[in-house]
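Have a look at the structure below, then the notes.
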Amino acid sequence: MDNYVIEMLGIRKEFPGIVANDNITLQVKQGEIHALLGENGAGKSTLMNVLFGLYQPEKGEIRVKGEKVNITDPNKANDLGIGMVHQHFMLVDTFTVTQNIILGSEPKQLGIVDLKKAEKEVVDLSERYGLKVDPQAKIKDISVGMQQRVEILKTLYRGAEVLILDEPTAVLTPQEIKELIGIMKTLIKEGISIILITHKLKEIMEVCDRCTVIRKGVGIGTVNVEETNTNELASLMVGREISFKTEKSASNPKQTVLRVDNLRVKDSRNVEMVKGLDLEVKAGEIIGIAGVDGNGQSELIEAITGLRKADAGSVFLNEKNITNLPPRKVTESGVSHIPQDRHKFGLVLDFPIGENMVLQTYYQKPYANSGVLSYSKIYRYAKSLIEQYDVRTPSAYTKARALSGGNQQKAIIAREVDRSPDLLIAAQPTRGLDVGAIEFIHKKLIEERDSGKAILLVSFELDEILNVSDKIAVMFDGKIVAIVRPQETNEQELGLLMAGSRKEKVGES
Amino acid sequence: MFSSRMFNILVPVISVILGLIAGALIMLIFGYNPILGYQALWDGAFGNVYFFGETVRQVTPYIFTGLAVAFAFRSGLFNIGAEGQVIIGWLASVWIGTSLHAPMIIHLPITIIGAALAGALWGFLPGLLKARLGVHEVIVTIMMNYIALHVSNAMIRNVLTDGSDSTEKVAESALLSSDWLMEITGYSRLHYGILIAFLAAFIMWFLLEKTTIGYELRSVGFNRHASEYAGMSVGKNIILAMVISGAFAGLAGAMEGLGTFGYMPTNSSFTNLGFDGIAVALLGGNTAIGSVIAAFLFGVLKIGSLNMPTTAGVPGELVEIVIALIIFFVASSYIIRWVILRFKKEGK
Chain A
1 MDNYVIEMLG IRKEFPGIVA NDNITLQVKQ GEIHALLGEN GAGKSTLMNV LFGLYQPEKG
61 EIRVKGEKVN ITDPNKANDL GIGMVHQHFM LVDTFTVTQN IILGSEPKQL GIVDLKKAEK
121 EVVDLSERYG LKVDPQAKIK DISVGMQQRV EILKTLYRGA EVLILDEPTA VLTPQEIKEL
181 IGIMKTLIKE GISIILITHK LKEIMEVCDR CTVIRKGVGI GTVNVEETNT NELASLMVGR
241 EISFKTEKSA SNPKQTVLRV DNLRVKDSRN VEMVKGLDLE VKAGEIIGIA GVDGNGQSEL
301 IEAITGLRKA DAGSVFLNEK NITNLPPRKV TESGVSHIPQ DRHKFGLVLD FPIGENMVLQ
361 TYYQKPYANS GVLSYSKIYR YAKSLIEQYD VRTPSAYTKA RALSGGNQQK AIIAREVDRS
421 PDLLIAAQPT RGLDVGAIEF IHKKLIEERD SGKAILLVSF ELDEILNVSD KIAVMFDGKI
481 VAIVRPQETN EQELGLLMAG SRKEKVGES
Chain B
1 MFSSRMFNIL VPVISVILGL IAGALIMLIF GYNPILGYQA LWDGAFGNVY FFGETVRQVT
61 PYIFTGLAVA FAFRSGLFNI GAEGQVIIGW LASVWIGTSL HAPMIIHLPI TIIGAALAGA
121 LWGFLPGLLK ARLGVHEVIV TIMMNYIALH VSNAMIRNVL TDGSDSTEKV AESALLSSDW
181 LMEITGYSRL HYGILIAFLA AFIMWFLLEK TTIGYELRSV GFNRHASEYA GMSVGKNIIL
241 AMVISGAFAG LAGAMEGLGT FGYMPTNSSF TNLGFDGIAV ALLGGNTAIG SVIAAFLFGV
301 LKIGSLNMPT TAGVPGELVE IVIALIIFFV ASSYIIRWVI LRFKKEGK
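As given, the protein sequences belong to chains A and B, one line each in that order.
For the first sequence, the UniProt record's numbering gives the first residue as 1, with consecutive numbering after it.
For the second sequence, the UniProt record's numbering gives the first residue as 1, with consecutive numbering after it.
Below, the structure written as structure tokens:
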């Protein structure tokens with residue numbers, strides 16, 4: 001008999017109209033990293049919320065260390081040693097690391113919080129598990145990776161023995177991901193068991209011992225990671241064969257569409273982030289910008305699209321100077337932009353999905369006539385986009401907020417691609433999406449390229465850059481430090497370039 | 001789960017009922033009969049044509065201030081300055097009404113538009129400060145209320161009159177009042193303003209829901225970043241929202257200046273029309289039709305409650321408490337809803 005620390009047997013959870021989990025069994029062994037794999041909306045989060053006491057299952061039972069339990073609320077889950085790190089962190093920005101970790105279970109002396117003692121405990125914990133943090137730093141001053149460590153420490157401080165990590169790598173840079181993997185390995189050595197919710201197959205292959213797959217709310221089964229490969233996992237998850245190598249023919253670049261000359265841009269703290277950058281994108285090619293987050297990619301895109309003022313240099317679109325034009329003018333001259341942060345920039349979440357489809361074109365005919373909106377035309381157009389791009393939504397009148405991340409992204413892509421721009425800027429277009437959706441988006445980008453559009457792709461995922469780009473421009477410290485062809489490079493080399501080691505520019509064409 | 005429309009209707013209805021129950025409990029505790037009390041309230045609002053006329057007369061400015069606050073709110077702004085905009089609108093209407101001499105067909109529209117423009121100006125300044133310098137509109141509009149109050153008093157004493165505490169009567173050609181309306185309502189102060197109020201509600205609905213201007217305002221209200229990304233000018237829309245909001249509130253002032261009173265007295269304190277407008281807008285779910293309905297409720301409470309001391313013997317102070325409780329429940333329901341939605345948002 002195996003030593004299971006958590007067993008969820010035959011779990012069924014229904015919501016009005018849908019069965020989110022049906023007969024799912026998940027058994028986690030002591031000291032293993034167990035992956036929970038499934039597409040967006042497959043029911044992973046529901047299952048974990050059941051385990052964490054946020055939902056009550058209709059059927060099935062949960063056992064912790066062999067004993068049947070009834071987890072009625074998250075406090076109960078905490079008491080049983082189950083801790084959860086959510087995808088969106090729950091930290092108080094203006095509090096220090098220590099204050100956040102002890103929040104809710106502060107060590108007290110005569111009713112006064114004993115911060116000294118708390119700090120010592122935090123330091124002890126972080127040393128024991130190899131989670132380096134500065135206990136006195138404020139959350140708002142530390143990186144996302146650090147914040148995640150604080151979240152993990154928070155659960156450990158409460159005595160968690162089973163850690164649920166909800167897509168922990170979605171927000172991290174490649175370096176931070178490496179560190180997190182190291183941390184997870186230390187944690188299991190210390191006897192902690194980890195449930196890793198993810199749809200990134202590579203990570204599963206790298207760190208996990210076993211993997212339970214869910215598809216459309218149904219448990220497909222559990223496999224030993226050693227005995228499987230990414231292709232098998234992907235087809236288990238999606239239910240069909242998935243091609244990882246995106247099919248594409250050689251590019252056929254034509255005239256220059258975007259030219260950036262010696263561009264300099266400051267960020268909102270007035271620090272120069274783009275430092276004299278040159279870049280060219282031709283019609284019919286995809287230029288992928290590889291780089292670690294924070295090397296000026298966001299500022300570059302914001303300057304091109306008019307969202308941020310450039311301090312020096314110029315941006316040309318089809319040989320027309322568009323430097324520092326307002327966003328509307330940039331859009332009208334033929335630029336589409338799939339923004340990195342789809343909730344902040346890409347969508348008005350409280351608008352129906354239909355109204356979001358005309359976010360840049362609402363004032364143009366046929367969607368408006370002398371200032372009066374034509375909803376029938378707007379929705380007819382929206383419905384055709386929804387169909388064409390397979391946006392899964394109850395209707396075009398549903399608020400964008402109610403859609404899953406993947407479908408929100410599809411809606412944005414539908415809107416941006418369908419405007420048929422000369423230049424399509426895609427920033428992190430597949431962030432947080434499952435392989436099915438990623439495949440779809442990559443195909444779309446290549447289709448657009450083949451129809452003669454210039455495409456600028458910014459991504460922190462090296463796989464994506466290598467797979468989709470025709471040329472890779474490596475960005476480091478506000479400049480393009482190298483241009484390489486994906487066939488002639490590999491992850492190691494790109495990683496070095498992204499970290500700032502020099503290389504001669506190649507492939508000038 | 002409720003659909004959001006059900007939710008929007010149910011929440012205010014339940015909160016009004018809760019408020020009425022709480023008011024009844026207070027009356028019981030102090031030894032008054034709540035049934036008689038509410039009977040008196042009802043009679044005071046609908047008991048005869050005079051009361052009904054007065055109720056509608058009171059509803060008129062409430063519709064405008066409700067629309068003003070709701071309009072700003074839909075654009076993501078909190079216009080606490082409706083009060084000051086009412087006062088300035090009132091002052092402008094009386095000023096033009098007393099100083100200009102023209103036939104009614106010219107005089108009345110000019111006077112009404114003047115009041116709207118004055119209110120719009122009072123909204124423009126906080127809008128400008130917000131758009132250009134990021135100064136929070138709540139702070140500025142609160143201060144603008146005081147400026148409006150004291151400026152108008154000073155103007156009445158020193159410019160419009162020679163040290164008097166109220167202005168002259170507005171010329172006949174600029175009055176909204178009608179002998180016919182007064183006659184059929186037992187000589188209440190009912191005036192034609194209610195029709196303008198309905199028109200204004202229609203305009204707000206049309207502007208927000210049907211035009212590209214409204215699309216931009218709502219978009220900016222929901223998500224500034226996405227609006228900027230989509231090429232809208234956030235600053236322009238903030239100013240526009242405050243200007244239109246101020247114009248609505250200014251018209252509420254015109255209702256008082258040209259309809260109810262026909263002059264303007266110096267005010268030692270605020271009229272409260274603007275502040276009540278906040279409650280009207282919240283109760284009405286920040287929609288045009290909702291504001292109209294909520295304004296009726298507030299008008300009924302305000303006018304009907306005048307009858308409670310005389311008929312049911314409930315002292316005036318207690319009546320105020322009962323009314324305040326109803327408003328409290330309305331407002332707190334809004335808070336509850338807001339909290340629920342906030343949590344939902346963060347849970348995502």
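C-beta: ideal position from N, C-alpha, C; glycine also.
### Query
Name the DSSP beta bridge partners of ASP267/A, please?
According to DSSP, which records beta bridges pairwise, ASP267/A is partnered with nothing at all.
### Message
Buried or exposed for HIS136/B, going by 16 or more other Cβ atoms inside 10 Å?
### Response
exposed
### Query
On the three-state DSSP scale, how would you describe GLN27/A?
strand
### Message
Just to confirm my understanding: we take GLY432/A, look at its own chain, exclude 5 residues before and 5 after, and list those with CB closer than 6 Å. What are they?
### Response
ALA170, GLY405
#### Entry: GLY231/B at chain A interface by Cβ criterion, 8 Å
yes
### Query
Leaving out the 5 sequence neighbours to the left and right, which residues in its chain are closer than 6 Å to residue 548/A when beta-carbon positions are compared?
Because chain A spans 1 through 509 in this model, residue 548/A falls outside it and cannot be assessed.
### Query
Since SER298/A is in the alpha helix (DSSP H), which residue starts that stretch and which ends it?
297-305
### Separation of ASN33/B from ALA160/A, as counted between CA atoms
59 Å
### Message
8 Å is my cut-off, CB to CB: does PHE2/B come that close to chain A?
### Response
For PHE2/B, the predicted model reports a pLDDT of 46, less than 50, meaning its position is unreliable; a value from the coordinates is still stated below. So no, PHE2/B is outside the interface.
### Message
Within 8 Å of any Cβ in chain D, is that where the Cβ of ARG210/A sits?
### Response
The structure shown contains no chain D; the protein chains it does contain are A and B.
### Query
Mind listing which residues of the stretch 212-230 of chain B have their C-beta closer than 7 Å to chain A's C-betas, in chain order?
THR212, ILE213, TYR215, SER219, PHE222, ASN223, HIS225, ALA226, GLU228, TYR229, ALA230
### Message
Distance check for ILE177/A and GLY43/A, CA to CA, integer angstroms please.
### Response
24 Å
### Query
Do VAL331/A and GLY231/B have their C-beta atoms within less than 8 Å of each other?
At residue 331/A the sequence reads Thr, which differs from the Val that was named. Going by C-beta atoms, THR331/A is nearer than 8 Å to GLY231/B.
### Task
Compare the C-alpha of ASN3/A against each of ILE24/A, ARG63/A, GLN136/A and name the closest.
ARG63/A
### Query
At which residues does the beta strand (DSSP E) containing ARG157/B begin and terminate?
ARG157/B -> no beta strand (DSSP E), and no H or E assigned at all.
### Task
Express the C-alpha separation of TRP90/B and GLU83/B in angstroms, rounding to a whole number.
11 Å
### Task
Reducing DSSP to helix, strand and coil, say where PRO315/B ends up.
coil
### Query
Hey, LEU41/B and ASN307/B are a contact pair by Cβ (cut 8 Å); roughly how many whole angstroms apart?
7 Å
### Message
What does the alpha-carbon distance come out to for the pair VAL484/A and LEU282/B?
### Response
58 Å
### Query
Could you check where the beta strand (DSSP E) with TYR375/A kicks off and where it finishes?
Not the beta strand (DSSP E): TYR375/A falls in the alpha helix (DSSP H), residues 375-388.
### Separation of PHE124/B from LEU240/B, as counted between CA atoms
8 Å
### Message
For LEU104/B, count the other beta carbons within 10 Å of its own beta carbon; 16 or more makes it buried, fewer makes it exposed. Which is it?
### Response
Here the sequence assigns Met to residue 104/B, which means Leu is not the residue at that position. Classification for MET104/B: exposed.
### Beta-carbon proximity check, ARG419/A vs THR361/A, cutoff 8 Å
yes
#### Entry: Residues that VAL435/A contacts on chain B, provided the C-beta gap is smaller than 9 Å
In chain order: nothing, as chain B lies at least about 23 Å away.
### Task
Give the residues of chain B in contact with GLY346/A, contact being defined as C-beta atoms less than 7 Å apart.
ALA226
#### Entry: Span of the alpha helix (DSSP H), counted from its first residue to its last, around ASP43/B
34-46
### Task
Quick one: give me the first and last residue of the alpha helix (DSSP H) that VAL171/A is part of.
Unbroken run through VAL171/A: none, as it is neither H nor E.
### Task
Check whether the stretch 46-64 of chain B touches the stretch 180-190 of chain B, taking contact to mean three or more Cβ pairs, one atom from each stretch, closer than 8 Å.
yes
### Query
Is it buried or exposed for TRP180/B, if we count other Cβ within 10 angstroms and need 16 for buried?
exposed
### Query
With respect to the alpha helix (DSSP H) encompassing ALA310/A, which residues constitute its N-terminal and C-terminal limits?
Taken as a continuous stretch (DSSP letters only), ALA310/A belongs to no alpha helix (DSSP H), being part of the beta strand (DSSP E) at 310-317.
### Task
Given a cut-off of 8 Å, decide if ALA294/B and GLY66/B are closer than it, judged by their beta-carbon atoms.
yes
### Task
Buried or exposed for PHE52/A, please, with buried defined as at least 16 other CB atoms from any protein chain shown within 10 angstroms of its CB.
buried
### Task
Return the residues of the stretch 464-486 of chain A that lie within a Cβ-Cβ distance of less than 7 Å from chain B, sorted by chain order.
none
### Query
Taking the C-alpha atoms as reference points, what is the distance between TYR146/B and TYR379/A?
47 Å
### Message
Considering only DSSP beta bridges, list what ILE6/A is partnered with.
### Response
VAL28/A, VAL64/A
### Query
Just reading off the alpha helix (DSSP H) that LEU115/A is part of, what are its end residues?
115-129
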